[in-house]
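> Dropping a structure here in structure tokens format, bear with me for questions.
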Amino acid sequence: MLEPARPLSRRRTPRGKGIDFADEARFLRSWLDKPLVTGAVSPSGKALARMMARYVDPKEPGLVLEIGPGTGPVTEALIERGVSPERLVLIEYNAEFVPLLERRFPGVTIVRGDAYNASETLAGRIGQSLTATVSSLPLLTKPVRQRVKLLEQCFEMSRPGAPFIQFTYGLTPPIPREAIGLTTALGSPRVWLNLPPARVWIYRRPA
Numbered sequence: 004m005l006e007p008a009r010p011l012s013r014r015r016t017p018r019g020k021g022i023d024f025a026d027e028a029r030f031l032r033s034w035l036d037k038p039l040v041t042g043a044v045s046p047s048g049k050a051l052a053r054m055m056a057r058y059v060d061p062k063e064p065g066l067v068l069e070i071g072p073g074t075g076p077v078t079e080a081l082i083e084r085g086v087s088p089e090r091l092v093l094i095e096y097n098a099e100f101v102p103l104l105e106r107r108f109p110g111v112t113i114v115r116g117d118a119y120n121a122s123e124t125l126a127g128r129i130g131q132s133l134t135a136t137v138s139s140l141p142l143l144t145k146p147v148r149q150r151v152k153l154l155e156q157c158f159e160m161s162r163p164g165a166p167f168i169q170f171t172y173g174l175t176p177p178i179p180r181e182a183i184g185l186t187t188a189l190g191s192p193r194v195w196l197n198l199p200p201a202r203v204w205i206y207r208r209p210a
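Encoded structure:
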């Protein structure tokens, strides 16, 4: 079942900056250095980034947490969607990507740290509930229990019903349904324009 899509805003990113071919080289270099940390050889494509952003309602109050932003394709899509930079909090582990994100997205809060320990990484840094979490982490490289722990941490920082949005190249949910209790998991149509094709999963904990 697919949640109804809301129309995308035409708002531009700060200074009109987009993703350039240099990002491909950065991602490939990062992947060759630490493949289990980076998890992909290239950034998410625009079609996948927009599919992820469409499940964030920019009218809902609160902060939007993005984990594993890399070089910023999903960040760009979220801002185009209508989420103001001041409401975006990013956790990025790769030290090379942090200054790039700071230059590309003025006004966005960027924290270098471990997103799998999101509660500790953000301790004292956010003063309001999250309205959504958008994740590009390579979850399939981690044990299921660690994926579930991440999901629970993000829900604990979120308002009731806030989505946890995660993409995967796999055919099954990246956090298995049997491991999440009453939490719901809904999948989007496969994004064929992304290479490789991917699907977005939306998790919600009942209010």
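For the sequence shown, the residue numbers in my numbering are 4 to 210. By construction, the Cβ of each residue, glycine as well, lies at the ideal position given by its N, Cα and C atoms. All figures in this text were calculated on a predicted structure; none of them were measured in a lab.
Take A135 as the anchor and find which of G116, V86 and L185 has the nearest alpha-carbon.
When only C-alpha atoms are compared, the closest one is V86.
> Please report how far the alpha carbon of N97 lies from the alpha carbon of I70, in whole angstroms.
Taking the straight line from one Cα to the other gives about 11 Å.
> Using C-beta distances below 6 Å, list every residue in its chain close to L142, excluding the 5 sequence neighbours before and after it, in chain order.
Here the set comprises R150 and P177.
> Just to confirm before moving on: does the CB-CB distance between E83 and R115 stay below 8 Å?
Going by C-beta atoms, E83 is not nearer than 8 Å to R115.
> Return the chain-ordered list of same chain residues with a C-beta closer than 6 Å to the C-beta of V40, the five sequence neighbours on each side being excluded.
Any reading at V40 needs caution, since the residue's pLDDT is 46, under 50, leaving its predicted position unreliable; the model's value is listed next. Cβ neighbours of V40 beyond the five flanking positions: none.
> Output the residue ranges of the beta strand (DSSP E) runs that lie fully inside the region 144 to 209 and measure 3 residues or longer, sorted by chain position.
Within the region 144 to 209, the complete beta strand (DSSP E) runs of at least 3 residues are 167 to 171, 187 to 190 and 202 to 207.
> Who are the near neighbours of R207 in its chain, counting only those whose CB is closer than 7 Å to its CB and skipping five residues on each side?
Excluding sequence neighbours, R207 sits near G164, P166, T186 and T187.
> Tell me the residue span of the alpha helix (DSSP H) that contains V86.
V86 -> no alpha helix (DSSP H), and no H or E assigned at all.
> Taking the straight line between their C-alpha atoms, what separation do you get for T162 and A121?
Looking at the sequence shown, residue 162 is not Thr but Arg. About 16 Å.
> For L125, name the three-state secondary structure that DSSP assigns.
Coil.
> Beta carbon of M54, beta carbon of V147: below 8 Å?
No; because the gap between Cβ atoms is not below 8 Å, this pair is not in contact.
> Within 10 Å of its beta-carbon, does R107 have 16 or more other beta-carbons around it, so buried, or fewer, so exposed?
By the neighbour-count rule (16 or more Cβ atoms within 10 Å), R107 is buried.
> Cβ atoms of E89 and G75: under 8 Å apart, would you say?
No.
> The ligand SAM and L153: does any heavy atom of the ligand fall closer than 7 Å to the residue's C-beta?
For the structure depicted, the ligand SAM is absent and the ligand set is empty, with no information on it obtainable.
> By a C-beta neighbour count over all protein chains shown, 10 Å radius and 16 as the cutoff for buried, is E159 buried or exposed?
That one is exposed.
> Starting from R115, trace the alpha helix (DSSP H) in both directions and tell me its first and last residue.
Note, R115: premise wrong, no alpha helix (DSSP H); beta strand (DSSP E) at T112 to R115.
> Would you say I129 and L66 are within 8 Å of each other, going by their C-beta atoms?
Yes; because the gap between Cβ atoms is below 8 Å, this pair is in contact.
> For L68, which residues of its own chain have a beta-carbon under 6 Å away from its beta-carbon, when the five flanking residues on both sides are left out?
Excluding positions up to five away in sequence, the list reads V92, L133 and T136.
> Find the nearest neighbour of L103 within the set L125, T78, A118 and A126, judged by alpha-carbon distance.
Among L125, T78, A118 and A126, the Cα nearest to that of L103 is on T78.
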